[in-house]
Structure formats: structure tokens, C-alpha cells
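Comments concern the structure below.
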Amino acid sequence: MTSQQTPPSLMVCVLPLLLLFALLGYNVAVYGDDSLSGANQAALIAAAALAAALGLLQGTSWQRIQDFIIDNIKAATLAILILLMVGALTGSWLVSGIVPAMIYYGLEIFNPSFFIASACLLTALAAVVIGSSWSTSATLGVALMSIGHAMGINPGLVAGALISGAYFGDKMSPLSDTTNLASGVAGVDLFTHIRYLALTAFPSILLTLLIYLVVGWFAGGEAADTSNTAIYQQLISEKFTLNPLLLLVPAGVIFLIIKKVAALPALFMGVLAGLICAFVFQQPLLAELSAATGGTYQTLMQAIYGDTAIPTGNAILDDLLSTGGMAGMLYTIWLILSAMIFGGAMEASGFLARITNALISRVKSAAGLVTATGATCMVTNVSASDQYLSIVVPGRMFTQAYQQANLAPQNLSRTLEDTGTVTSVLVPWNTCGAYHAGVLGVATLSYAPWALFCLISPLMTLAFAWFRIRIVKTEPESEQMAAA
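Residues -11 to 472 in the working numbering are what the sequence shown spells out, letter by letter.
Below, the structure is given as C-alpha cells:
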């Protein structure tokens, strides 16, 4: 069998998805948050095996399936390397006192009642400037998570707010890869795309911030244990030599990214700067840790690749002042690899295209076309496990349909962003969902209900379509020829 003879039936195409959903649901019931330790990865592999087997029965060659899997893994290589570097970064920034300094000074600056909305706004501004939700989470996000944890605020709520801000900023930034990709796939000018995208993005983020203000008033004002703030600061100051100069390191990393230095070298320089700061500022701490590791060199290496914990006698603070280094990211990397195998098998067998074609065939109006595009983006995020594919695949499939409906290409590019980019982070096995869960230390399903911008944004673009708000149309070709 070397080529696919007949298009697969829709029922055959969705069988791997049904198996995956069933296994993942059972894993959550049995393992809870520990399902990421291997059960979910095994579920993805099992679903991939079913997709490959069905593909072979449909006439797809094994070589084609294998090639697609390998190509998918290659596409995820950068994400894997960044995750490893983020693990090293958190370790070096812990022993250097950078993260503790962020927590210490952050507890003085932020009001718990407004922390959730403030965190969302800060990450939104940072992501607009940086152009990357991933880099924003790896730098500013890590610090804000620690501050929120110290305030006693629900980690899922804090992570959801950070992700909401980061994804709004990512979408609105001309430096963002997904923003450029969506406009390029749809064939629309970048700034035309951003201006049109703003019509749905700004109402979504304003509504998100309003909800965070209300929720934060209770979660930050009543639920947060602010009485322990002084205790946390005292314990941190006893363990670390605090100096405002330490904050120059994360500021420098953000500056490098703004200057368009690639994420990997920028993060690597952040790791080196953290190790230097540890050696310069934290000699007493290094001496204490060296008693267990065998020396300063071993302590610094351990911080980069393995578990590091700074005991303070306070359970909450001990949890904050611990990291798994590069090794702590391996479960997330395993999840991404498993997801890429599943996505490759689905795409190679033609199942993904068959599902999206079924959605297109039911389109009967402009609003229906936008709805079908959004549904396709979400299906791609779930089945192909990658946000770039959720933009490229539907973008290619729907371009002609939008032209035939006399809809301007910015309608397509906005829908790709509002439904493809932002929902990728809500899928635990998607590269984005796995990445942010690994970096922020919060399970995807724990922060997903609080990632309000990512939930509101798709609904906003659908509302604009169904109520015919600012839907830009093009002139039919016959009218254009008559005018000429």
C-alpha cells in the first residue's frame, strides 16, 4: 500500500479523537494532576497508533505516516530547546537571588486586591513589546506567578490572567510570529490585519480585565493571606542577599528579546548572568548548599539541570523557592513529542483534512463561514497539537471560500487569530498548552477556566460575524471589471 485510494469516512477520521478524549478523561479521573507524568503521553501514543492503523487500512503508506511524524517533531524542536533553557533559567535565577528578589519587591509593590488585573495588564504590555507570549511567560510570568503564590491567590487564576495578557499582547504585536503568519496566510497587509483584529481584541481584553477586577477583589482582598507577607519577606532576606541590581538581569533579557535577539540565545545569556550573580551576591547561600552537593561548581550545575530547594521552614515559601531545572521540563517535552506523533499520524492519513472539509461543506453564509473557520482552527489545535498548523491549515483551506463569498481577507486572518492562536494554549497536549503549563507550573486544565481572554476572544469574533458588525466585503469580480 503506497497511496490512499479513497477518502476516509468521517466516522473513521474521528475515531482516534474519540479514543484520545476517552483516555484523557479517564486519566484525569484516575490520576488527577499526575496524569501528565506519563498517562496522558501514553494516551496520545495509543490514539496515534489507532490513527496510523486506520490510515494503513485506508491505503496510506507507513513511510508517509513516518515522514509526517518526523516533520512534526522537527517543527517542535525549537519549543523543546526553549523549554530546556527555561528550566535552566529558573534554576540559575533561584540560586542567584533574582526570583526571590522579584518576590520580595513584588510583595511591596502589588496590592493583592488588584493583582490579578495588574498581572494581566503587565503581561499584555510586555507581550506587545516583546512580540511573544512564550518569552513573556518565561520572564515576567515566572516572577508574577511567584508573587501571586506568596499572596495566597489561586495559582490557576494567576496563570490564567498571565496567559490572557500574554496572548492579547502577542496577537496585537507586529513582532509576533503568529500575527505575521496569519496575515501572510490570508494574504493581507500586516497592519491592516492588526487594525481589524483590534476591533474584537480590545473589547475582549477590556471585558477580561473587568472580570479580573471583580474576581481579584475577592480572591486578592479576602482569600489572599496578606498577613504572611512580612514573614515571607523576612525569610527571603535571611536566606538571600537582596540587591536591586539583581533585577537588571530579567530586564536585560527582555531588552535583548525586544531588540530581536532570538529567544534561545537571549535565555542562555540570562542563565549565564544568573550564575554570575549567584557567585557575586550569594556566597553564604552557595556555601550552605555546597554542604549537600559537594562544592560551588556542583551547586550551580545542579541548579541548571536538576532539583534545587532552598529550605526556609515555611511550606508555601519552600514550594516557591524550589525548581527542577532542565529535568523538571522533561515530562512536558515528553508530552509535546507524543502530541507531535499523534498530529503527524492524523495529518498523514488525511483525517484532519477530511474533518475540516466536512465543516466547510455545511457553510451557507458569511457568519457560517467564520464559524466553520473557527471550528476548524480548534479541531486542528486538538488533533494536530500545534498552533502554527491551526493557522496554516485552515488558512489555506478557506482562502478560496472567503473570496467566493466576497469577504475581504482580513476577515479570515482575524478569525485565524481569534480562534486558532488563542485556543492553542487551552489544549493540554498542544505545544502551547504544554509549554505554558510547564513554565508556569500550573496544569493546563487548572488555568484554562481562568484564561478569560482566550475564552472570550473566539466568542467575540463569532458575535461580530453573526451580528454583521464591521464585516468587510470585497466587490464581486464582475463589478470590478465593469468599474474598470
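The beta carbon of each residue, even a glycine, is placed where N, CA and C say it ideally should be.
Query, Result
"Tell me which residue opens and which closes the alpha helix (DSSP H) that V160 is part of.", "It should be pointed out that residue 160 corresponds to Met in this sequence rather than to Val. Looking at the DSSP string, the run of the alpha helix (DSSP H) that includes M160 is 143 to 160."
"Within this structure, are the beta carbons of L71 and G426 separated by less than 8 Å?", "yes"
"Here's the rule I'm using: 16 or more other beta-carbon atoms within 10 Å means buried, otherwise exposed. How should V87 be labelled?", "buried"
"Tell me whether L461 sits in a helix, a strand or coil according to DSSP, three-state version.", "A small correction: the amino acid at residue 461 is Lys; Leu does not occupy that position in the sequence shown. Strand at K461."
"At which residues does the alpha helix (DSSP H) containing N60 begin and terminate?", "50 to 63"
"Could you give the C-beta distance for A27 and L77, rounded to a whole number, given that I count them as a contact under 8 Å?", "28 Å between Cβ atoms; not a contact."
"For S164, which option in L6, P100, M314, A115 has the closest C-alpha, if you only look at C-alpha atoms?", "A115"
"With a cut-off of 8 Å on the beta carbons, I'd call G283 and T296 a contact; round off their distance for me.", "Contact doesn't hold; Cβ gap of about 15 Å is too wide."
"Consult DSSP for L395 and reduce its assignment to one of helix, strand or coil.", "strand"
"To the nearest angstrom, report how far apart C420 and I329 are at their CA atoms.", "16 Å"
"Let me make sure I understand the geometry here. Which of I343, A439, L(-2), T449 has the alpha-carbon closest to that of F190?", "T449"
"Should N418 and Q375 be called a contact, given that it needs their Cβ atoms to be closer than 8 Å?", "yes"
"Starting from T296, follow its DSSP beta bridges and name the residues at the other end.", "T311"
"Hey, G408 and C265 are a contact pair by Cβ (cut 8 Å); roughly how many whole angstroms apart?", "G408 to C265, Cβ: 39 Å. No contact."
"Just to confirm before moving on: does the CB-CB distance between A333 and A31 stay below 8 Å?", "no"
"Any idea what DSSP makes of D406, helix, strand or coil?", "helix"
"Using the three-state DSSP reduction, which class does N15 fall into: helix, strand or coil?", "helix"
"Can you tell me whether S353 is buried or exposed, with buried defined as 16 or more other CB within 10 angstroms of its CB?", "exposed"
"According to DSSP, is W417 part of a helix, a strand, or is it coil?", "coil"
"Mark V460 as exposed unless 16 or more other C-beta atoms lie within 10 angstroms of its C-beta, in which case mark it buried.", "exposed"
"Unbroken alpha helix (DSSP H) runs of length 4 or more, entirely within the stretch 300 to 352: which are they?", "303 to 308, 318 to 336, 339 to 348"
"Taking contact to mean at least 3 C-beta pairs separated by less than 8 Å, is the stretch 360 to 379 in contact with the stretch 53 to 72?", "yes"
"Between R157 and A112, is the Cβ-Cβ spacing less than 8 Å?", "Note on identity: in this sequence residue 157 is Gly, with Arg being the wrong assignment. In contact: G157 and A112 (Cβ atoms closer than 8 Å)."
"Please list, in chain order, all residues of the same chain as S192 whose beta carbon is under 6 Å from its beta carbon, the five residues on each side excluded.", "F441, I444, S445, M448"
"Hey, would you say A254 sits closer than 8 Å to L428, going by beta carbons?", "no"
"Check whether the Cβ atoms of P(-4) and Q46 sit closer than 8 Å, and answer yes or no.", "yes"
"Of the choices M90, P397, V203, whose alpha-carbon is the least far from that of G383?", "P397"
"If you measure between the beta carbons of L377 and T387, is that distance less than 8 Å?", "no"
"Could you tell me the alpha carbon to alpha carbon distance between R342 and V381, rounded to whole angstroms?", "12 Å"
"Which residue wins for smallest C-alpha separation from L169, given the options A436, N142, L404?", "L404"
"Whole angstroms is fine: what's the gap from G209's alpha carbon to I91's?", "At G209 the pLDDT is 49, less than 50, meaning the model places this residue with poor confidence; the figure from the coordinates comes in the next sentence. Rounded to whole angstroms, G209 to I91 spans 19 Å at the Cα level."
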